[in-house]
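Chains S and B, in that order, are what the protein sequence lines are.
Per my numbering, the very first residue in the first sequence carries number 1; after that it's consecutive.
Per my numbering, the very first residue in the second sequence carries number 1; after that it's consecutive.
Beta carbons: idealized from backbone N, C-alpha and C, even for Gly.
Given the structure is predicted, the values throughout are model-derived calculations rather than measurements.
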Amino acid sequence: MDTIQGSEPRMPDPSKPYPVTVLGYPAEMIGPKETYARVSDQIAGIPLKHPHPKFWLTCFAIAGSLFLMFCVAVGYLLFKGVGIWGINIPIAWGFAITNFVWWIGIGHAGTFISAILLLLHQKWRTTINRLTEAMTLFAVMCAGMFPLLHLGRPWVFFWLLPYPDTMKLWPQFRSPLVWDVFAVSTYFLVSLMFWYLGVMPDLATVRDKAKTKWKKIIYGISCMGWRGSARHWQHHQSAYLLLGGLATPLVLSVHSVVSFDFAVAQLPGWHSTIFPPYFVAGAIYSGFAMVLNLLIPIRRLYRLQNLITTRTLNNMACVTLVTGWMVIYGYIMEAFMAWYSNDPFEKHMMWDRAFGSYGWVFWGLMLLNCVIPQLLWSRRIRTHDLALFFVALSVNVGMWVERFVIVVQSLHHDFVPSSWKMYYPTKWDVITLLGSIGMFLMLLLLFIRYVPMISITESRELIALRREGQL
Amino acid sequence: MKPTPPSRTFDLADVRARLDGLRGQQYWQSLDEIAETPEFKEMLHREFPNGASEWDDGVSRRSFLKMAAASLALAGLTACTKQPVQHILPYVKEPEELVLGEPQLFATAMCRGGYATGVLAKSREGHPIKVDGNPEHPASLGGSSVWMQASILDLYDPDRAKTLLRDGEISTWADFASDFNRILREHEANQGAGLHFLTETIISPTLAAQLDAILKKFPQAKLHSFDSISRDHVREGARLAFGQFVETQHRFEKTSVILSLDSDFLYTHPLALRYAREFANARRVSSGKGEMNRLYVAESTPTITGTMADHRLALGSAEVEMLSRSLAQRFGLGTMDGTSTKSESWLNALARDLEKNRGKSIVIAGEWQPPIVHALCHWLNDKLGNVGNTVFYTEPVELRPTNQLASLRELVSDMQADAVKTLLILGGNPVYAAPADFDFATVLPKVKQSIYLGTELDETAALCAWHVPQAHYLESWGDAKSFDGTISFQQPLIEPLYGGKTPPEILDLIFPQQPVRDDYEIVRSYWETQKRWPDFEKGWRRSVHDGLIADSALAEKKMELKSDAIGEALRSHQVSVTGIEVTFRPDPSIWDGRFANNGWLQECAKPVSKLTWDNAVIISPALAQQQNLAAGDIVELELNGRKVRGPIWLQPGQAEKTVTLHLGYGRERAGRVGRGVGFNANQLRTSDALWSASDLKISKLGEKHPLVATQTHHNLQSPERQIYREGTLNDFKANPQFVKQSIESPKNAETLYDTNEYRYDGYKWAMSIDLNTCLGCNACLLACNAENNIPVVGKDQVARGREMYWIRIDTYYKGSLDNPEFSHMPVPCMHCEHAPCELVCPVEATMHDHEGLNLQVYNRCVGTRFCSNNCPYKVRRFNFLWYADYKTPSFKPMYNPDVTVRWRGVMEKCTYCIQRISRARITAEKENRRISEHEIQTACQQACPTNAIVFGDLNTPNSTVAKLKTHPLDYSMLGELNTRPRTTYLAKLRNPNPEIQSEAKG
């Protein structure tokens, strides 16, 4: 007989602060004392009452100043040119493309959680999907800036878009960069629609609970006049499932297309058929790490432990571990194929990756991505939120380093030794990266402050399921 | 726009006037404003009846505006802001033969290394834009050197001396003439005592005649010559061997064995271009000819000649002398006093090889070897029967040959003794270039009446009373002799930009004429007196047109060798070297410093070290290890109490205990580009040790100086990388196909593309580069820079890896660290038929044309740089910042008008000189014929002195390039990637002596 997950028998275990299942896993999907009203009040209270204003303001000030630095960096970039970064020939892509792939990868976790886990009926996604979907949106926004900024002539970026121009010239459709345009824009639009559709009923809840006139008006407009009628709900559910279905293949396709930026090229280190699945796995890996990095502090600060339970954290950590092993498989395959192919360029690339000028970066990567995440085998670590935070941070940074190694190290030692050079990032490279993180955090903080960050609707569904004995 | 009363006719001039009349904030906003006026509509109808009818048919405004845009552009109404009034003036009478848009070629001559080389300068719209070798001139045979190519930048150098200066204040030629006259009148009284002239090597017959006349008029006056890269040792060696000055000429084409004793005859020799061509002809292995010459080189620092060697010894300067003595002893001259050289077996094999090839060998010594070595060379050539075959002697080429060091020493001692009242310096920058112990900078101010004719505001100009700007050779009339004696003519392509004067013009003031003669009249009247041609006017015009006097090379002269004198010199002079030896050499790019302000040459990667924007203290890896030095460490060098500081550079192939310093750097007054670059090696160079000295002390200072090289990886890493393919002549003879068999290449049908789709039936452009004859001299690099308006990016950008050469020379080392084998590989764009770059450009900025060219469309490029990432050859260059110089006014006439100057953010690369292809195509189409084989030469092909680069059409039957593609040595670089490059290479063959084991090479 199928067990609806979350409905397993509970054992009280004095050694653990949470109830466990037969196998010892955390069991609670949602806190035991939750009711409909409690859930609505708790979640909707955050945009209405703005708890912890000092903390939020401090974080916002930091994120805001990083964002301002970003604006300065971008302004100087447009004024002076792409040469303010450390790129050169042969290493014509540096931090900008690394950042692009990293941000897009991060975005994949949100869509994975929202769409794929939805279709797989994984109820534990319920309380995290709103935040992670927002995270996806902001990550894609950050990501989308970089392909524009890294252009030599960004003011004619629109030539990559398929529009009928006076010369009857369309983009060159065989180029992976054009595929990127479609993939990323589709991804952004679908994610936006999916997220917005989902948040609409919750915005209506906030509107109903709002006390001031302006809040009522703004939330009212933004929820497009949601009345909560049966008709609305029926349309909402079908549309939500449809968009979920639409977003699902994007999880696999978008990062596969991004990986084609590398796999289609013939550079040793890029030209690898394992890239699409390897990148998708890596994307989910880094995305979940970012989700953990965001959720754990938010959960603590806003006291959402009853909604975002230990079980949720445990499951996320498991997904991280699994995708991490897929990434490790990718590393092993690359090294194996370099040896097995006997191609001198591939062999040299692999040797240089581990023992060349950027060798220390590679070994750091191994530590961050392969060694430290093995701690996640331990349930104690998985359920201890501080430890989990640091392991996730290691993966987050490690995935950035991985893209750096792929982009820069492969380029710096390619076919012809006479063009081997080094890439040294400049301060503008670093400022632009930190600034994009600042922009992301700033948007996220605004989201937390003004939009219900957990899906009220779906949390109430969980409660309904429990009352019906199915949870 | 003010409303105007309707007029019956629409007058463009009227519109212009109206726009002109706008003041202040009134701008007309759009084409619509103009287009709305009924007058304009009427005008359009009148001027473009066909277009207007389309408009009358009610087509949308958009297409109307598209049409209008063209006509409005012609009407000058192209911008929404008020244009300044600029009057363009068409030729009322177009000068004869000047078709605007067509280049004109003028033959002239350029002096380098003291001697002239014939050049062809290309002029567009009245100003020169490119200089190439003159194919008819025996000294260049059409090839170029880096200095020839870069000379165009010197013409337009914004830091050139622009005005006459008297004690730093601007003055005029008239003032100078009157002051000079006063000086001369004072000297007339004492027959010219105290009147001194300092020139460089005199090779101009006109100048020599003027100097003769001057010395007749002023018997007490003294004439001195000095060239920092002096050929004194060569002269003295000849005097030792023959009792008089003679010039030694060589015929490299007939040689089978060449021994170079520290001679860079392929690069620094005054006749290097010709020698390179002859050497290459003897080296090239074509399908018909299966023999190659063999080159042995003994030198202290890797030079271009050394990199071409089949066998090379890295020996210090003094050790080279010992080697030459040892060799002479094997042939019966002198005795070696017990000191044996390290390379006994090498010498034995060499001696046997020379003996086997009697009459077909050359032994040549470098200008920096002491006279005794030159004398030994003369003796050896005589003994080996080379004289009259591969070596012959002529009268000295230079007029008034003298020992230049003694000449300068005399001048300096006269200045020291206050015996010099007036000193006229005709070029050369002696304050910088003179030996340090002469202390020229201290004694020169003692001369109150000093006049300096120079192109730059340099160190000498700062200390002279008068500074007269010198005319560049492209602005001068003149004559000059090449090293083989050919009399070459200089004709200007442009009026002196800054009123510069030539040496004859200054000397002519000594014999006042009315009116004052300019350089044209001086040269012409000299030749009139020479009575060389029965019809002077015809002969003169012919010679000026050709740039030379045909068959004026010096005749062979039979000389008698004074073996006793040589033997005596051998016995009396001992060779010894103690401690670390230091050698001074002219810089491969900057020469003696005169090109310090030339950005192209500063950025040009030096042939072996690939350094740019710096000179270095070049030491061997072994010495560096002993002294615990790393590249970039600043050291203080001390020689006989003189000190200088410089950064270390480790050079494989450098003689173990020898340090080489390149001259020409560390200049203090050299313009915006050259000032403060590098360190001044002249500070260590004294007159008793002009080229080498011993007991150099090196002390590490603990600081570092960043040295920037464009290539830092010279090792091909693994034999499986068949990027540079080479073998020996015996390998080739045993198996001619060994190159093609060295790696499996994809077959023609192995492609996903339809091979029938692009058949290239018209022209099929391709290029073949012969690695066997490429010297790595960088002439192609600079020719491409000049032809294609390639920007100079500066040291810090080169340090970041952003140099902009479209063709580069890769140098690879093979073998031991102490004495590797060197290989040069020029790499332009391969123009792959299956171009990896074309696939990945998102906006079709790079694409293929129907003739096989890989095109780069600058105005479509958005700058994603994916094309560069996907190019396995990394030949693409990106404008990371605003590199192109749009602002410096003096460079504007220099740019080639046929080539776009690229904007920031745009990718660029070699185009197979598509502008030259287009030009030839236009001419051919006008004449209704096909482009013939020799009509197109790419810039690199034209510049190459050895004809290593061949470009042409594969579909032209029997074209050179088509034949070379069928050569067994032909291969594609990275062909296994199936890129199908149109640029292919002919593998390098070496011709080692089987008697010399590979271990003993070092």
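Shortest alpha-carbon distance to residue i belongs to which of the options?
i, options, result
"B/R517", "B/E505, B/R185, B/E787 and B/R112", "B/E505"
"B/L261", "B/Q369, B/W346 and B/Y873", "B/Q369"
"B/P586", "B/C867, B/T268, B/V840 and B/A116", "B/T268"
"B/V297", "B/S286, B/A314 and B/V387", "B/A314"
"S/R380", "S/Y329, S/N315 and S/K347", "S/N315"
"S/A354", "S/V405, S/K33 and S/A464", "S/V405"
"B/M308", "B/K222, B/M894, B/T460 and B/S823", "B/S823"
"B/L989", "B/S286, B/F180 and B/T660", "B/S286"
"S/L465", "S/T35, S/L295, S/T166 and S/P176", "S/T35"
"S/L197", "S/L160, S/N129, S/F157 and S/F173", "S/N129"
Counting only the same chain and skipping the five closest in sequence on each side, list residues whose C-beta sits under 7 Å from that of residue i.
i, result
"B/D484", "P138, A139, Q249, L271, A553 and L554"
"B/M559", "F242, V246 and Y393"
"B/S476", "Q490, P492, T502 and D519"
Throw me the rounded Cβ distance for the residue i and residue j pair, which I believe falls under 8 Å.
i, j, result
"S/L292", "S/F440", "Not confirmed; about 15 Å, so no contact."
"B/K162", "B/Y665", "Actually they do not touch by this definition, with Cβ atoms about 25 Å apart."
"S/V535", "S/T320", "In the structure displayed, chain S extends from 1 to 471; residue 535 of chain S sits before or after that span and is not available."
"B/Q191", "B/P219", "5 Å"
"B/I304", "B/C777", "6 Å"
DSSP three-state label for residue i, please.
i, result
"B/A689", "strand"
"B/A107", "strand"
"B/W466", "strand"
"S/G469", "coil"
"S/K211", "coil"
"B/D953", "strand"
"B/D56", "At B/D56 the pLDDT is 41, less than 50, meaning the model places this residue with poor confidence; the figure from the coordinates comes in the next sentence. Of the three classes helix, strand and coil, the one that applies to B/D56 here is helix, per DSSP."
"S/A183", "helix"
"B/H137", "coil"
"S/Y340", "helix"
"B/K814", "strand"
"B/Q449", "strand"
"B/I769", "strand"
"B/Y498", "coil"
Look up residue i in the DSSP assignment and give the residues it is bridged to.
i, result
"B/Q490", "B/G478"
"B/Y296", "B/L259 and B/H311"
"B/N854", "B/H848"
"B/G709", "For the sequence presented, residue 709 of chain B should be read as Ala rather than Gly. Bridge partners of B/A709: B/L611."
"B/K643", "B/E638"
"B/F392", "B/Q249"
"B/C832", "B/P981"
Near residue i, which residues of its chain fall below 6 Å by C-beta distance, leaving aside the five closest residues on each side in sequence?
i, result
"B/P588", "K606 and P607"
"B/A766", "L954, V961 and R982"
"B/I229", "P586 and D592"
"B/G306", "V297, E299 and R312"
"S/D13", "V20"
Quick one: what's got a C-beta closer than 8 Å to residue i's C-beta in the same chain, skipping five residues either side?
i, result
"B/E744", "E976"
"B/L105", "L120, A121, K122 and S123"
"B/L701", "D633, I634, V635, E636 and R645"
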